[in-house]
């Protein structure tokens, strides 16, 4: 409803800032829809086809939201520069009214999302969109007041560009974070060199290779490694204790607690029989 009202307002007033604010509302609505869909998918149980279920749905949804916002932000910056040199007539009084309607809708949305904004990438993306949109509505109102009192039409273009500038840094940051997850990069805050060092300090450990860590979704880091141990561990029953020690090590010694870890215990020389490169 807010989107429709603001689109009508942008047409009636000729305001670029209000038009961009309405486009932002549309992305908010799409983002909330994706957040709800992702939340439903994430609670589905894992199966033999999808061993992690749909846990990564929230990362995909947040990536899509960030990509859309990035595109919208770049478009408004380009259009804003053009309007600085070729300003159009703006109906400032009506612009104030429609800007206030948008602000009211955003405040309501912020209260709805505030409690769950730190739960995952997806909810954070949705909350950031609404916060930025609220700031955009405030900027629209300010621009309308400037135009009404001074007649300086370029204020509309400047405010539209300001809204874009507010959106882009947070959007790029979120996009980079989600791409980081999708590329299965090492989770932020987890130093694999430190992990390797801690593992090597455990008794009976002779080497570590094929050490990998990634993140399935928010709060779900995983780690796997091949650990070379003394030959005797496979004969005196010590291998089980080694496995406990390794999992305890990665779950409790680092800033990022890795609850899902997989270790392959190997005797010295076993790596020579494996295919592929080791690191």
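Residue numbers (the numbering used here): 47 to 325.
Using N, Cα and C, we set each Cβ at its ideal position, and we do this for glycine too.
Sufficient close CB pairs (3 or more, under 8 Å) joining the region 217-231 to the region 108-117: Look at the beta carbons and you see the region 217-231 touching the region 108-117: at least three pairs across the two are nearer than 8 Å.
Proximity to residue 303 [Cα-Cα], best of 133, 268 and 253: Nearest of 133, 268 and 253 to residue 303, Cα basis: 268.
Beta-bridge pairing of residue 327 - partner residues as DSSP gives them: The structure shown does not extend to residue 327, since the chain is modelled only from 47 to 325, so the question has no answer here.
Bridge partners - residue 196, DSSP secondary structure assignment: None; residue 196 has no bridge partner.
Rounded separation between residue 207 and residue 150 - CA only: Here the alpha carbon of residue 207 sits roughly 22 Å from the alpha carbon of residue 150.
Beta-carbon spacing of residue 209, residue 185 below 7 Å: Yes; because the gap between Cβ atoms is below 7 Å, this pair is in contact.
Sequence-distant residues of the same chain with beta carbon closer than 7 Å to residue 305, five excluded per side: The residues are 297.
Residue 251 burial status per 10 Å Cβ neighbour count (16 or more: buried): A residue is called buried once 16 or more other Cβ atoms fall within 10 Å of its Cβ, and residue 251 is buried on that count.
Check whether residue 311 and residue 275 have beta carbons under 7 Å apart: The criterion of a C-beta distance shorter than 7 Å is satisfied by residue 311 and residue 275.
Three or more C-beta pairs below 8 Å linking the region 277-284 and the region 230-245: The region 277-284 vs the region 230-245: no contact.
Helix, strand or coil at residue 299 according to DSSP, with G and I counted as helix: Looking at residue 299 - three-state DSSP - the assignment turns out to be coil, as it is neither helix nor strand.
Residue 138 in three-state terms, based on DSSP: For residue 138, the secondary structure class from DSSP, reduced to helix, strand or coil, is helix.
Check whether residue 136 and residue 60 have beta carbons under 7 Å apart: A contact, by the Cβ cut-off of 7 Å.
Residue 133 vs residue 199 beta-carbon contact at 7 Å: Contact annotation: residue 133 and residue 199 have beta-carbon atoms nearer than 7 Å.
7 Å Cβ cutoff met for residue 187 and residue 142: In this structure, residue 142 lies closer than 7 Å to residue 187 by Cβ.
Local conformation of residue 313 per DSSP, three classes: Three-state result, residue 313: coil.
C-alpha distance - residue 225 paired with residue 57, whole-angstrom precision: Rounded to whole angstroms, the separation of the alpha carbons of residue 57 and residue 225 is 37 Å.
Start-to-end residues for the beta strand (DSSP E) that takes in residue 276: Here residue 276 belongs to no beta strand (DSSP E), and DSSP marks it neither H nor E.
Close beta carbons around residue 288, own chain, < 8 Å, minus the five adjacent residues each side: Answer for residue 288: 248, 250, 251, 273, 275, 279 and 311, listed in chain order.
Sub-7 Å separation of residue 203 and residue 120 beta-carbons: Result no, Cβ atoms of residue 203 and residue 120 do not sit closer than 7 Å.
Status (buried if at least 16 other CB within 10 Å, exposed otherwise) for residue 261: By the 10 Å Cβ count, residue 261 comes out buried.
Buried/exposed call for residue 215, threshold 16 Cβ in 10 Å: Classification for residue 215: exposed.
Residue 116 versus residue 97: straight-line alpha-carbon distance, rounded: Rounded to whole angstroms, residue 116 to residue 97 spans 32 Å at the Cα level.
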